[in-house]
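Residue numbers (full-length UniProt numbering): 1 to 215.
Structure below.
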């Protein structure tokens, strides 16, 4: 963490430890110890397990924690955690555009990027619509993201693990947009030829919908 301090970062997003078994109180102590090792604020990334409301409440009351990235498809627990937690904490939807509308209604103040990685105008328009309480437009913007985002949730060829093509699908979107995302890191696999063609087709559909709704 000292290296990040020396670089002058504004905050650090902290992934949960990669253990087979997780204990809520152990996690809370882990974040407290990280907070004592740096003067930079922390943003814990909540994913990979189902937290209790009391855990989310206690997490918001750790002095170094300024925000929480919530990446679980559980709106009820999210809403309960926001209601119970410290009002000064910023909650962020970690499941990208598909969950932005529902999570915003529960009290989140931002969302992570899915298709907005390679078509940022969608994310900007969606944020503006949510901030203005324009739910109809926000839903329409979310909906044009769904085909590509649903593609990201797929397994890909010769694989049974859900979401295995999520990252290479984003990199394919970058390529379609004329950008460069670089190769994937092992053990992630690149898209198959068939999946790459699907990514190109879905991108073309997305591009048409952006032109209709935004441009």
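Cβ coordinates follow ideal geometry from the N, Cα and C atoms, glycine included.
Starting from residue i, follow the alpha helix (DSSP H) in both directions and report where the run begins and ends.
| i | result |
| --- | --- |
| residue 45 | Per DSSP, residue 45 belongs to no alpha helix (DSSP H); it is in the beta strand (DSSP E), 42-46. |
| residue 170 | 166-176 |
| residue 128 | 120-131 |
| residue 254 | Look at the range of the chain in this structure, 1 to 215, and you will see that residue 254 is not part of it. |
| residue 144 | 135-152 |
| residue 210 | 193-213 |
| residue 60 | 53-60 |
Whole-angstrom Cβ separation of residue i and residue j, contact assumed at under 8 Å?
| i | j | result |
| --- | --- | --- |
| residue 129 | residue 137 | 4 Å |
| residue 192 | residue 157 | 5 Å |
| residue 140 | residue 213 | 6 Å |
Using alpha carbons as the reference points, say which of the options lies closest to residue i.
| i | options | result |
| --- | --- | --- |
| residue 68 | 89, 152, 174, 195 | 89 |
| residue 154 | 166, 144, 146, 190 | 166 |
| residue 113 | 65, 95, 103 | 95 |
| residue 145 | 131, 197, 117 | 117 |
| residue 80 | 107, 125, 170, 111 | 107 |
| residue 21 | 48, 163, 10, 4 | 48 |
| residue 53 | 184, 125, 25 | 25 |
Please report the residue range of the beta strand (DSSP E) in which residue i lies.
| i | result |
| --- | --- |
| residue 92 | 90-93 |
| residue 67 | 67-70 |
| residue 1 | Element bounds for residue 1: n/a, residue is neither H nor E. |
Mind checking who residue i pairs with in its DSSP beta bridge?
| i | result |
| --- | --- |
| residue 14 | 44 |
| residue 110 | 92 |
Exercise for the section: Could you tell me whether the segment 58-69 touches the segment 81-95, where touching means 3 or more Cβ pairs closer than 8 Å? Expected result: Two segments are said to touch when three or more pairs of C-beta atoms, one from each, lie closer than 8 Å; by this definition the segment 58-69 touches the segment 81-95.
Problem - the segment 178-188 contacting the segment 201-215, beta-carbon criterion three pairs below 8 Å - result: Cβ pair count under 8 Å is below three, so no.
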